[in-house]
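Below: the structure, in structure tokens.
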Amino acid sequence: MNRALLLLGLVALWATPLSAQNFPTKVVTMVVPFTAGGPTDTVARLIAAPMSKVLKQQVIVENVGGAGGTIAAARVAKASPDGYTILIHHIGMSTAPALYRKLPYKPLEDFEPIGLINEVPMTLVSRRDFPPKDLKDLIAYVKANKDKVTYANAGLGAASHLCGMLFMTTIQTDLTTVPYKGTADVIKDLLGGQVDFTCDQTTNTTSQIKAGRIKVYGVTTKTRLASLPNIPTMDEAGLKGFEVSVWHGLYGPKGTPKPVIETLTKALQVALKDATVKQRFNDLGTEPIAEKRATPEALRTQLKTETDRWSPIIKKAGVYAD
Ligand code: ASP
1 MNRALLLLGL VALWATPLSA QNFPTKVVTM VVPFTAGGPT DTVARLIAAP
51 MSKVLKQQVI VENVGGAGGT IAAARVAKAS PDGYTILIHH IGMSTAPALY
101 RKLPYKPLED FEPIGLINEV PMTLVSRRDF PPKDLKDLIA YVKANKDKVT
151 YANAGLGAAS HLCGMLFMTT IQTDLTTVPY KGTADVIKDL LGGQVDFTCD
201 QTTNTTSQIK AGRIKVYGVT TKTRLASLPN IPTMDEAGLK GFEVSVWHGL
251 YGPKGTPKPV IETLTKALQV ALKDATVKQR FNDLGTEPIA EKRATPEALR
301 TQLKTETDRW SPIIKKAGVY AD
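Each residue of the sequence shown is one higher than the one before, counting from 1 in our numbering.
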């Protein structure tokens, strides 16, 4: 029996390329589909540091923004499947197939999931001097001024776009949207007063809200957040059932050898237990996913479930890009 097992192990080892057995022997690039300084970038940089320690190789972050995150995903889908180029992406992985008619990749088929990272609430926020004082006011204001109000987002399929789309369909009002390559730039322009409002992850808005530099109308979770206890939920503030939660996952290109994916999953799981990661996530209104969900299987299931959930919502909204 033992001998049979040993033999099986040897065969598996023989079938695995040497490069996969030694992985990693050089820098690993984590591609972020939005600009530096935004919420996806923040999560990436926080986990890259402890992952580098586990892997004994540097995990560097590369920002490839544009088209709601689809440019970066397309790039990683075509990268060499060796574990040295990986993608961090959010809920947008599950919505792109319904939004983009010519998506150059299939999220469910062209990637090897590594694991889920976290779930993060969103906040509906505006420039500080935007007139509406609460959510009810905001709804009335945007309806009355729909030709001049601007809603900024990080492109079609970005979380900020999805949240805005849900908001506009719920209040049955179409607004002018202004696309950016990431919400780091959106917040900059909210601070400068160039755009009126947006919906963004708490990982990007919490410190600005606390400092009073932007106005907040609600959080998109069912219950209030410990990090922003005085902010009502959208549901409480007047939009019954309004709920959006953003989740992040880590992926390699399809065909990345299993031992390489296992090494990356292990590094992710260790990173999610890192004290700094936990603390920073906490401060920013999120928390690391439980270890049993920081796995390829859990991410695959999440991607499938969310793709099935969002497709009909997007089709009903009639939004798409060619
Ligand atoms: N929060 C952005 C979004 O709307 C993405 C980012 O800049 O990280 O999806």
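Ideal Cβ placement from N, Cα and C applies to all residues, glycine included. Only a predicted model underlies this, so the values are computations on that prediction, with no experimental measurement involved.
Per DSSP, reduced to three states, the secondary structure at Gly37 is coil, with no helix or strand assignment.
Inclusion of Thr85 and Thr29 in the CB contact set at 7 angstroms is warranted, their separation being smaller than that value. Pairing Arg45 with Val61 gives a Cβ-Cβ distance under 7 angstroms. In this model, Ala159 and Ile91 are separated by some 7 angstroms (Cα to Cα).
Non-local C-beta neighbours of Thr220 in its own chain, meaning closer than 8 angstroms and more than five positions away in sequence, comprise Pro121, Met122, Thr123, Leu124, Cys163, Cys199, Thr233, Met234, Phe242, Glu243, Val244 and Ser245, ordered along the chain. Rounded to whole angstroms, Pro132 and Lys210 show a C-alpha spacing of 19 angstroms. Not one heavy atom of the ligand ASP sits closer than 6 angstroms to the Cβ of Asp189. With fewer than three CB-CB distances shorter than 8 angstroms, the stretch 174-186 does not count as touching the stretch 97-109. Going by C-alpha positions, Thr202 is about 34 angstroms away from Ser80.
Gly182 has its Cβ nearer than 6 angstroms to a heavy atom of the ligand ASP.
Setting aside the 5 residues that flank it on each side, Ile139 is surrounded in the same chain by Ile171, each with a C-beta closer than 6 angstroms to its C-beta; the list follows chain order.
Thr223 sits in coil when the DSSP states are folded into three classes, being neither helix nor strand. Rounded to whole angstroms, the Cβ separation of Gly115 and Gly249 is 7 angstroms, and the two are in contact under 8 angstroms. Boundaries of the beta strand (DSSP E) around Leu124: Phe111 to Arg127.
Collapsing the DSSP output to three states places Pro257 in coil. Setting aside the 5 residues that flank it on each side, Thr173 is surrounded in the same chain by Val142, Lys143 and Lys146, each with a C-beta closer than 7 angstroms to its C-beta; the list follows chain order. Residue pairing by DSSP places Leu87 opposite Val31 and Tyr251 in a beta bridge. For the set Lys258, Thr276, Asn63 and Lys278, the Cα lying nearest the Cα of Asn22 is the one of Lys258. Non-local C-beta neighbours of Ser52 in its own chain, meaning closer than 7 angstroms and more than five positions away in sequence, comprise Gln58 and Val59, ordered along the chain.
A distance criterion of 6 angstroms places the beta-carbon of Ala321 beyond contact range of the ligand ASP, judged by its closest non-hydrogen atom. Assignment of Asn145 by DSSP, reduced to helix, strand and coil, places it in the coil class. Pairing His89 with Gly66 gives a Cβ-Cβ distance that is not under 7 angstroms. When the Cα atoms are used, Thr35 and Ala72 turn out to be separated by approximately 11 angstroms. Taking 8 angstroms as the upper bound for CB-CB distance, Ala237 and Thr265 are not in contact here, some 39 angstroms apart.
By alpha-carbon distance to Val31, the top candidate from Leu87, Lys188, Asp283 and Leu239 is Leu87.
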